[in-house]
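Q: Under numbering that gives the first Met the number 0, the sequence shown has 49 at position 50, and the numbering climbs by one with no breaks.
Where is the CB? At the ideal position from N, CA and C, for every residue including glycine.
None of these values were measured; they are calculated from a predicted model.
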Amino acid sequence: MTSSGEQTEDDMSEEQTDERIYTVVRNAEEQYSIWWVERDLPAGWVETGMCGTRSACLAHIDQVWTDMRPLSLRERMAGPRQA
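1) Where Met76 and Arg25 are concerned, what is the direct C-alpha to C-alpha distance, given to the nearest angstrom?
2) Out of curiosity, what's the CA-to-CA distance linking Gly43 and Leu70?
3) How about Thr47 and Tyr31: do their beta carbons lie closer than 9 Å?
4) Enumerate in chain order the residues of its own chain whose CB-to-CB distance from His59 is below 7 Å, with the five nearest sequence positions on each side excluded.
5) Distance, Cα to Cα, Met67 vs Leu57?
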């Protein structure tokens with residue numbers, strides 16, 4: 000990947016040949032990532048139930064992670080709740 004975030008030809012080729020299975024994971028701040036299913040999850044992350052190819056998992060994240068702000072920031076911006 001270039002410094003501008005564009006994929007290079009090598010990146011695209013690696014993505015096409017990556018046959019590993021990934022799982023979509025989420026942390027307490029409701030931020031998403033992908034992780035190889037063969038590896039132990041890092042502390043603070045839980046599986047969401049979605050597994051598949053890298054591209055399928057990233058497509059799923061695009062659909063479900065609609066607000067990139069961490070949960071704590073969203074709650075702070077919402078202000079105090081009235082009872």
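A: In short:
1) 21 Å
2) 14 Å
3) yes
4) Val23, Met49
5) 14 Å
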